[in-house]
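Protein chains in written order, with this note's numbering: chain A, 322 to 633; chain B, 218 to 449.
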């Protein structure tokens with residue numbers, strides 16, 4: 322991999338050899354960003370989370386674009402953003418325009434994604450764009466950052482784009498070989514880091530991380546703490562390729578049933594299940610793999626950060 | 218072949234409601250499922266019944282045309298009949314609808330079909346599948362005979378994406394195989410994963426910008442012939 326300087330705190334922390342943790346924020350169909358900013362503040366308070374991903378219309382739903390919340394999280398909270406950008410909704414012209422706007426706003430990390438198809442979202446009749454795919458988007462970013470031009474070689478005036486970008490990989494992918502080969506194509510396009518889709522199966526996750534070692538790119542393994550049985554059920558049923566272990570689903574259901582009407586007890590029970598599952602999971606990843614860290618997708622589940630991450 | 222789907226009868230009737238005497242033209246070209254004389258007759262009978270429920274006596278004639286997308290064939294077949302009718306309904310694909318309006322400008326020709334895609338018959342009668350989207354930049358030579366543009370819902374040049382689960386695509390509820398997994402299987406079978414690993418740069422969309430216009434056979438068009446005749 323051609324060595325690009327670590328412009329972002331995230332990449333600097335990875336370079337320093339720290340076990341890095343990123344969080345995730347999900348701006349939805351809202352005008353009020355106070356919850357997002359509160360979530361970011363809680364993440365910052367932990368002192369463990371180096372940056373927060375800001376999602377870009379997950380599941381193909383029409384949500385607030387990720388640019389402004391990413392900027393506000395950095396500006397108002399002081400937590401670095403990992404600005405997620407999909408190629409679903411913008412062609413190469415719009416992507417270029419957005420990226421230089423993001424650079425002006427001081428964003429330092431981009432996570433490139435294909436994006437869930439509009440057929441999965443709440444505007445099913447819409448036309449998805451996919452002018453360039455996420456691998457080509459990586460090439461475009463490499464040209465913009467390393468060569469200072471647009472995709473066609475026209476010079477960008479007035480400074481240098483100082484950003485790092487990453488791609489995603491899916492540990493649940495079946496068959497796995499085409500997924501690994503695809504990640505290889507993205508690595509060729511000089512990604513600085515990889516964040517993965519969520520993993521629940523420790524053996525599968527370790528095996529997947531082993532497969533990614535050949536690329537010599539830092540990998541943050543995705544985990545998804547389950548705030549409620551409903552979320553776990555939704556995740557199990559509606560997120561492509563992700564299945565939540567049956568025993569975890571059962572335990573969450575039981576915790577909610579046993580503590581019906583008693584919120585604090587219910588929360589405590591749910592948190593306990595998550596900590597008992599994910600704490601040893603993270604420890605094992607840290608101990609026995611070359612993963613650079615964990616991408617913790619505890620969206621709107623800030624209270625878990627402190628107890629879960631205290632030892633990392 | 219062009220795969221078409223019959224429009225709702227209400228929509229078709231809506232087009233011809235102002236008229237009392239219509240010509241219904243089938244097409245014997247590549248339109249599939251068949252949209253020929255029998256289908257034109259059947260549509261005439263349905264519209265006649267529909268008109269009757271509204272107290273109207275609709276007169277119609279059904280014909281078929283060898284290929285409505287050929288200007289000379291369409292003009293010579295339909296022109297002798299056209300004066301007797303107030304409007305034309307065509308069972309052809311979109312090409313036929315536009316061409317009939319062009320070569321018979323004295324009447325309005327209305328569609329009865331939605332043109333779905335350029336497809337192939339697969340797995341028995343009336344099962345059609347899009348295998349090529351006529352993008353103007355064929356890369357199938359690198360993808361083991363499977364087209365990732367027609368076959369991938371996201372038209373990816375470097376797939377598969379994260380929406381692939383157990384080899385199936387997230388679009389249409391995991392019932393359609395992921396084209397990129399199919400490509401991987403084919404290339405692996407022939408020990409050509411070098412082609413799978415290859416990075417493919419961004420597409421040049423100028424090859425598929427509408428309206429498409431190709432002048433490959435320009436010297437053979439009737440326009441040229443006419444010019445030569447004048448010269449002669």
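Even glycine gets a Cβ: it sits at the ideal position worked out from N, Cα and C.
All values derive from a computational prediction rather than experimental measurement.
*According to the neighbour-count rule (16 or more other Cβ atoms, all chains shown, within 10 Å of its Cβ), is residue 411 (chain A) buried or exposed?*
As a first step, residue 411 (chain A) must be located in the first chain, where it is residue number 90. By the neighbour-count rule (16 or more Cβ atoms within 10 Å), residue 411 (chain A) is buried.
*residue 323 (chain A) CB to nearest chain B CB: under 8 Å?*
Locating residue 323 (chain A) in the first chain gives position 2, counting from the first residue. Because the pLDDT at residue 323 (chain A) is just 48, under 50, the model does not fix this residue reliably, and the value given afterwards should be weighed accordingly. No, residue 323 (chain A) lies away from the interface with chain B (no Cβ there is under 8 Å from its Cβ).
*With respect to the alpha helix (DSSP H) encompassing residue 359 (chain A), which residues constitute its N-terminal and C-terminal limits?*
If you number the first chain from 1, residue 359 (chain A) lands on position 38. Run containing residue 359 (chain A): 355 to 367, per the alpha helix (DSSP H) assignment.
*With DSSP run on the structure shown, which of helix, strand or coil describes residue 346 (chain A)?*
For this step, residue 346 (chain A) is matched to residue 25 along the first chain. Of the three classes helix, strand and coil, the one that applies to residue 346 (chain A) here is strand, per DSSP.
*Which runs of the alpha helix (DSSP H), 4 residues or longer, sit entirely within the segment 354 to 425 of chain B?*
365 to 368, 396 to 406, 410 to 414
_Start-end ranges of the beta strand (DSSP E) lying completely within the segment 419 to 470 of chain A, minimum 3 residues_ = 430 to 434
_Could you check whether the segment 364 to 380 of chain B touches the segment 498 to 509 of chain A, counting it as contact only if at least three pairs of C-beta atoms, one from each stretch, sit closer than 8 Å?_
Flag = yes, the segment 364 to 380 of chain B and the segment 498 to 509 of chain A touch.
_Report the CB separation of residue 576 (chain A) from residue 552 (chain A) in whole angstroms; it is logged as a contact under 8 Å._
As a first step, residue 576 (chain A) must be located in the first chain, where it is residue number 255. As a first step, residue 552 (chain A) must be located in the first chain, where it is residue number 231. Contact doesn't hold; Cβ gap of about 13 Å is too wide.
*Just the Cα atoms here: how many angstroms apart are residue 326 (chain B) and residue 317 (chain B)?*
Walking along the second chain from the start, residue 326 (chain B) turns up at place 109. Walking along the second chain from the start, residue 317 (chain B) turns up at place 100. Going by C-alpha positions, residue 326 (chain B) is about 6 Å away from residue 317 (chain B).
*Can you have a look at residue 377 (chain A) and say buried or exposed, based on whether 16 or more other CB atoms are within 10 angstroms of its CB?*
Position 56 of the first chain, counted from the first residue, corresponds to residue 377 (chain A). Taking every protein chain shown into account, the CB of residue 377 (chain A) has 16 or more other CB atoms within 10 angstroms, so this residue is buried.
*Are the beta-carbon atoms belonging to residue 343 (chain A) and residue 372 (chain A) less than 8 Å from one another?*
In the first chain, residue 343 (chain A) corresponds to position 22, counting from 1. In the first chain, residue 372 (chain A) corresponds to position 51, counting from 1. Yes; because the gap between Cβ atoms is below 8 Å, this pair is in contact.
*Give me the Cα-Cα distance between residue 604 (chain A) and residue 475 (chain A), rounded to the nearest whole angstrom.*
Sequence index remark: in the first chain, residue 604 (chain A) carries index 283 (1-based). Sequence index remark: in the first chain, residue 475 (chain A) carries index 154 (1-based). Computed Cα separation, rounded: 47 Å.
*Using a Cβ cut-off of 9 Å, pull out every chain B residue sitting near residue 489 (chain A), in sequence order please.*
Translated into positions along the first chain, residue 489 (chain A) becomes position 168. The answer, in chain order, is 379.
_Own chain residues within Cβ distance below 6 Å of residue 623 (chain A), not counting five before or after_ = Here residue 623 (chain A) refers to the residue found at position 302 of the first chain. Here the set comprises 360, 363.
*asked:* DSSP has residue 347 (chain B) in a bridge; who is on the other side?
replied: Numbered from its first residue, the second chain carries residue 347 (chain B) at position 130. Paired residue(s): B:336.
*asked:* Measuring straight from C-alpha to C-alpha, what distance separates residue 535 (chain A) and residue 510 (chain A)?
replied: If you number the first chain from 1, residue 535 (chain A) lands on position 214. If you number the first chain from 1, residue 510 (chain A) lands on position 189. Straight-line Cα distance between these residues: approximately 15 Å.
*So which residues on chain A does residue 184 (chain B) lean against when the C-beta distance must stay under 7 Å?*
This structure cannot settle anything about residue 184 (chain B), because the visible part of chain B is limited to 218 through 449.
_Reduced DSSP secondary structure (H/G/I, E/B, other) of residue 263 (chain B)_ = For the purposes of this step, residue 263 (chain B) is taken as residue 46 along the second chain, with counting starting at 1. Note: residue 263 (chain B) maps to helix in three-state DSSP.
*Starting from residue 276 (chain B) and walking both ways along the beta strand (DSSP E), at which residues does that stretch end?*
As a first step, residue 276 (chain B) must be located in the second chain, where it is residue number 59. Note, residue 276 (chain B): beta strand (DSSP E), 276 to 282.
*Starting from the beta carbon of residue 494 (chain A), find every residue of chain B whose beta carbon is closer than 9 Å, and list them in chain order.*
Stepping through the first chain from its first residue, residue 494 (chain A) is reached at position 173. Listed by position along chain B, the residues whose Cβ is nearer than 9 Å to that of residue 494 (chain A) are 377, 379, 381, 382.
_Straight-line Cα distance separating residue 244 (chain B) from residue 337 (chain B)_ = The count along the second chain starts at 1 and reaches residue 337 (chain B) at position 120. The count along the second chain starts at 1 and reaches residue 244 (chain B) at position 27. Straight-line Cα distance between these residues: approximately 18 Å.
_I'd like the list of long-range same chain contacts for residue 598 (chain A), defined as Cβ closer than 7 Å, with 5 residues on each side in sequence excluded._
As a first step, residue 598 (chain A) is located in the first chain; it is residue number 277 there, counting from the start. Same-chain partners within the cutoff: 569.
*Less than 8 Å between the CB atoms is what I'm expecting for residue 514 (chain A) and residue 335 (chain A), so what's the real figure, rounded?*
Translated into the one-based positions of the first chain, residue 514 (chain A) becomes position 193. Translated into the one-based positions of the first chain, residue 335 (chain A) becomes position 14. With a Cβ gap of about 6 Å, residue 514 (chain A) and residue 335 (chain A) count as contacting.
_Selection of the segment 405 to 424 of chain A by Cβ proximity to chain B, strictly under 7 Å_ = Here the close residues are 413.
*Which whole-angstrom value is the C-beta distance of residue 420 (chain A) and residue 358 (chain A), which I expect to be below 8 Å?*
Locating residue 420 (chain A) in the first chain gives position 99, where the first residue counts as 1. Locating residue 358 (chain A) in the first chain gives position 37, where the first residue counts as 1. In fact, because the Cβ distance is near 24 Å, the residues do not count as touching under 8 Å.
*Can you name the start and end residues of the beta strand (DSSP E) that residue 375 (chain A) belongs to?*
Start at 1 with the first residue of the first chain, and residue 375 (chain A) comes out as number 54. 370 to 375 is the extent of the beta strand (DSSP E) around residue 375 (chain A).
*Note down the Cα distance separating residue 447 (chain A) from residue 331 (chain B), rounded to an integer number of angstroms.*
Your numbering for residue 447 (chain A) matches position 126 in the first chain. Your numbering for residue 331 (chain B) matches position 114 in the second chain. Distance between the alpha carbons of residue 447 (chain A) and residue 331 (chain B) is about 18 Å.
_Please list, in chain order, the chain B residues whose beta carbon lies closer than 8 Å to that of residue 535 (chain A)._
As a working mapping, residue 535 (chain A) is identified with position 214 in the first chain. Residues of chain B whose Cβ lies closer than 8 Å to the Cβ of residue 535 (chain A) do not exist; the shortest such Cβ separation is about 12 Å.
*Is it true that the CB of residue 456 (chain A) sits closer than 8 Å to the CB of residue 416 (chain B)?*
The residue you call residue 416 (chain B) lines up with position 199 of the second chain. The residue you call residue 456 (chain A) lines up with position 135 of the first chain. Contact: yes.
_DSSP three-state label for residue 485 (chain A), please._
Along the first chain, read from residue 1 onward, the residue named residue 485 (chain A) stands at position 164. Collapsing the DSSP output to three states places residue 485 (chain A) in a strand.
_Sequence-distant residues of its chain with Cβ nearer than 7 Å to residue 419 (chain B) (five each side left out)_ = Along the second chain, one-based indexing puts residue 419 (chain B) at 202. If we look at residue 419 (chain B) and ignore the five residues flanking it on each side, it has no Cβ neighbours.
*Report the option in B:296, B:315, B:328, B:237 whose CA atom is closest to the CA atom of residue 268 (chain B).*
As a working note, residue 268 (chain B) is residue 51 in the second chain. Of B:296, B:315, B:328, B:237, the residue nearest in Cα terms is B:237.
*Given that residue 502 (chain A) touches chain B, what residues does it touch there, using C-beta distances under 9 Å?*
Within the first chain, the letter at position 181 stands for residue 502 (chain A). Ordered by position in chain B, the residues that pass the 9 Å Cβ test against residue 502 (chain A) are 401, 410, 413, 414.
*Drop a sphere of 10 angstroms on the beta-carbon of residue 406 (chain B), count the other beta-carbons inside from all chains shown, and report buried for 16 or more, exposed for fewer.*
Within the second chain, numbered from 1, the residue matching residue 406 (chain B) stands at position 189. Counting Cβ neighbours within 10 Å, residue 406 (chain B) comes out exposed, since fewer than 16 surround it.
*Counting Cβ pairs closer than 8 Å, one from the segment 307 to 322 of chain B and one from the segment 279 to 296 of chain B, do we hit at least three?*
yes
*Answer yes or no: does any C-beta atom of chain B fall closer than 8 Å to that of residue 468 (chain A)?*
Position 147 of the first chain, counting from 1, holds the residue named residue 468 (chain A). With 8 Å as the cut-off, residue 468 (chain A) does not count as an interface residue toward chain B.
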